[in-house]
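Number 1051 marks the last residue of the sequence shown (this note's numbering); no jumps. One structure is given here, and the rest of the page talks about it.
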Amino acid sequence: MFRKSILVLILSLVLGLIRSVAAGDAIQIKGSDTMVNLAQAWAERYMEKNPAEFIAVTGGGSGTGFSSLISGTCDIAMSSRNIKEKEIALAQKKGKNPNEIKVGLDGLAVVVSPKNPVSRLTLAQLAGIFSGRITNWKDVGGVDQKIVILSREVNSGTHVYFKEHVLRGNNPNSREEFAPSALMLPSSQAIADEVASNPSAIGYYGMGYISPKQKAVFVAKDEKSEYEEPIISNVVSGKYPISRPLFIYTDGAPQGAVKKFIDYALSKEGQEIVLQTDFVPVK
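Next comes the structure, spelled out in structure tokens:
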């Protein structure tokens, strides 16, 4: 009897998906790995309220989201950065019109192993570490040990933001790059796992990924400024210096099922989910 009930449930879910696709209500969301957990939480709650509709969420990075939106293989692109001019030009060439919607805010956490004695770093020190100019932990108050640099891959909006705002200090004329020795990892979770197992490692990701297995470093704008923790209140106040907006993009103004889902994401309940997943609501 129990197996029969499970089979009926599976068949019902499959039939619901088929009906959703047939009705044009299946929504494909792709892009920023930082936003995957948030989008999945939205999707799960939304589908509970709208069982006839189906939403699929996959990551791959902000660049992947834009590529999918431009190629027409997703309805919503998640991004932790603004769309680039060249991406807009390519979209327009393909007959697409990227429409930007801000859905939350995020603080980028810089993390090390809990075994690492270093707990505070300035933006200049971070730029020195990730560019390869500072190679030993002893040079920033730690033990005599080579620093292992972890970064997201170049397709990631998190990678782009960190490079522009930390390595290049928001200077459009800077050409600073990550050190050639930096290990480019495919996801925020991969960085979290490596930091947890490697006392010499340092990496960065959206603060929603912080766990007791990593230690978030307090960051200061310069040596004369206060060192701030990557927590929601500090992102809201602007005290934490590595913060950014989170976006979703659609092809033109959202309509139909896509608009209904985005309206939910921006609703009071949707923005409470933003808070529950350790991001900062825009409303």
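All C-beta atoms in this analysis are idealised placements derived from N, C-alpha and C, irrespective of residue type, glycine included. Computed from a predicted model, the values in this text were never measured in an experiment.
Delimiting residues of the beta strand (DSSP E) encompassing residue i
| i | result |
| --- | --- |
| L1034 | Looking at the DSSP string, L1034 is not in any beta strand (DSSP E), and its letter there is neither H nor E. |
| A845 | I844 to S847 |
| L891 | That residue, L891, is in no beta strand (DSSP E); its alpha helix (DSSP H) goes L891 to S899. |
Candidates the options, of which the one nearest residue i by Cα
| i | options | result |
| --- | --- | --- |
| F946 | H927, Q982 and Q957 | H927 |
| E812 | E1037, K1051, V1048 and F1047 | E1037 |
| A960 | S942, K983 and R943 | K983 |
| A1025 | I823, S956 and A809 | I823 |
| G831 | R849, N867 and A877 | R849 |
| I851 | A1033, F1015, T1045 and K861 | F1015 |
| G910 | G872, I978, I970 and E994 | I970 |
| P1013 | V987, G974, A988 and S979 | G974 |
| Y1032 | V871, G937 and G827 | V871 |
Residue(s) in a DSSP beta bridge with residue i
| i | result |
| --- | --- |
| L953 | R920 |
| K983 | V880 |
| P1013 | L873 |
| G909 | BP columns for G909 are empty, so no partner. |
| A859 | BP columns for A859 are empty, so no partner. |
| R888 | F986 |
Secondary structure of residue i, DSSP reduced to three states
| i | result |
| --- | --- |
| I915 | coil |
| S800 | coil |
| A790 | Per-residue confidence for A790 stands at a pLDDT of 41, beneath the threshold of 50, marking its modelled position as unreliable; the derived number appears in the next sentence. Note: A790 maps to helix in three-state DSSP. |
| F834 | helix |
| I999 | coil |
| V1042 | helix |
| I851 | coil |
| E868 | strand |
| D961 | helix |
| G1024 | helix |
| V1050 | coil |
| I902 | coil |
Residue i, enclosing alpha helix (DSSP H) - first and last residue
| i | result |
| --- | --- |
| Y977 | Counting along the chain, Y977 falls outside any alpha helix (DSSP H), and DSSP gives it neither H nor E. |
| Y929 | G925 to F930 |
Alpha helix (DSSP H) segments (min. 4 residues) lying fully within the segment 801–829: 804–817
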